[in-house]
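Going by the UniProt record's numbering, the residue at position 18 of the sequence shown is 18; the numbering climbs one at a time, nothing skipped.
Just so it is clear, CB atoms sit at the ideal spot from N, CA and C, and this is done for glycine as well.
Please read the structure below before turning to the comments.
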Amino acid sequence: MEPAGRDHAGVRQAAGLNPVPPVAAPAAADAFLEQRPMLLSLAYRLLGSVHEAEDTVQDAYLRWSALGAAERDEVANPAAYLTTVTTRLGLDRLRSAASRREFYVGSWLPEPLPASVDAWSDRADPAERAALRDSASMGVLLLLDRLDPAERAVFVLREAFGVPYPEIAAILERSEESCRQLLSRARRRLTAEPRRPAQLDPEQARLLVDAFLAAAQGGDLARLESLLREDVVLTTDGNGMSGAGRRPIFGAAKAARLHAKVFERFYAAGEIRHAWYNGAPAVEIRTPLRRVVYVFDFDEAGLIAHVYAVLNPEKLSHLD
1 MEPAGRDHAG VRQAAGLNPV PPVAAPAAAD AFLEQRPMLL SLAYRLLGSV
51 HEAEDTVQDA YLRWSALGAA ERDEVANPAA YLTTVTTRLG LDRLRSAASR
101 REFYVGSWLP EPLPASVDAW SDRADPAERA ALRDSASMGV LLLLDRLDPA
151 ERAVFVLREA FGVPYPEIAA ILERSEESCR QLLSRARRRL TAEPRRPAQL
201 DPEQARLLVD AFLAAAQGGD LARLESLLRE DVVLTTDGNG MSGAGRRPIF
251 GAAKAARLHA KVFERFYAAG EIRHAWYNGA PAVEIRTPLR RVVYVFDFDE
301 AGLIAHVYAV LNPEKLSHLD
């Protein structure tokens, strides 16, 4: 059987555009399904898109299932093989996405990642889980987006998944020394960011989000400002959608005024649901006309340091 996900390959096959691949034997399918959560986690961190990650992993499955039984028997480590295929396919998509991004309107944000999609991280030990959580945060993904594809791949493989350097070198077809240099360069660029979000207790985070919502819905500017860091940043991703800001908003006063206006104008009758996306507290707001996901980063003092607002409908369809 094939894994869940958007079956673009099936559409192409029905149209007669490519031959139907052989169906993998049950044992081969089981070997793939065992690795699928990890592969999705890897592909998402490479691409910042749940849709693209699903498609990448689906393509990896098609390649795996297209192998003959004898060829699969020669694969000593299916996990390493599938990691290699998924990484290389992800890099191809990443390079293509970079060219498409030139036509994106306004700020770009990753697709919100529900905790259930990143379930593989639950299998990790506490140290690994922390690394996985951080590598999927909105802030880190935006920083990763500044790296070139090879730097991003090395960073994700090594820092998030602990892949040994010899395996990374084989995946990228580079020397180990080259991979170490890529990681060093990526770390320098990422650590230049002075602030990382604090990890709050879920109940504490919910109370802070509730306070933010109450102040925004009530138009209480003073209370809103008190919940925001003085240097708070609001980033909105709408790809030209009406009502979506095209540039980040900096500063507590501006962000408070904007939130009060937006909640009065667009979300007064909205249905609000608490959520947890990208390892951070979030809310999903639905109205008859629009839908938005807010993801919050807090600092150690419990102040909101960054608000990520995703309005682009294409980036929210996977939440259905």
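Assigned secondary structure, residue i (DSSP; H/G/I helix, E/B strand, else coil)
i	result
Leu40	helix
Arg146	coil
Arg189	helix
Pro281	strand
Glu74	coil
Asp55	helix
Ala275	strand
Thr83	helix
Phe32	helix
Tyr267	coil
Asp320	coil
Phe161	coil
Leu311	coil
Glu230	strand
Arg174	coil
Buried versus exposed, by CB contacts within 10 Å (16 or more), residue i
i	result
Glu173	exposed
Asn278	buried
Ala66	exposed
Lys315	buried
Glu52	buried
Arg152	buried
residue 333	Nothing can be reported for residue 333: it is not among the residues displayed for the chain, which extend from 1 to 320.
Glu264	exposed
Pro202	exposed
Ser96	exposed
Ala98	exposed
Distance between residue j and residue i (C-alpha atoms, nearest Å)
i	j	result
Ala269	Asn312	20 Å
Pro166	Thr87	15 Å
Ser41	Thr235	24 Å
Arg158	Leu132	11 Å
Arg72	Leu62	13 Å
Leu319	Ala160	24 Å
Val307	Leu89	31 Å
Ile272	Leu213	9 Å
Ser55	Ala43	First, the amino acid is wrong: residue 55 is Asp here, not Ser. Cα-Cα distance, rounded: 9 Å.
Val283	Ala69	47 Å
Asn18	Thr84	At Asn18 the pLDDT is 40, less than 50, meaning the model places this residue with poor confidence and gives no usable figure here.
Tyr267	Leu289	10 Å
Leu46	Val262	32 Å
Asp297	Glu74	46 Å
Gln204	Leu221	22 Å
Pro26	Leu33	10 Å
Leu224	Lys254	11 Å
Residue nearest to residue i in terms of C-alpha spacing, selected from the options
i	options	result
Gln35	Gln58, Glu52, Leu182	Gln58
Val232	Ala215, Ala256, Gly240, Leu213	Ala256
Tyr104	Val209, Asp220, Met241	Met241
Leu94	Leu147, Leu258, Asp297	Leu147
Val140	Leu109, Gln181, Ile285	Leu109
Val163	Leu183, Pro112, Asp299	Leu183
Quiz item: Should the segment 303-312 be called in touch with the segment 214-233, which here means at least 3 C-beta pairs below 8 Å?
Solution: yes
Exercise. For the segment 199-217 and the segment 70-89, state whether three or more C-beta atom pairs, one from each stretch, are separated by less than 8 Å.
Key: Counting C-beta pairs with one atom in each stretch, the segment 199-217 and the segment 70-89 have fewer than three that are closer than 8 Å, which means they do not touch.
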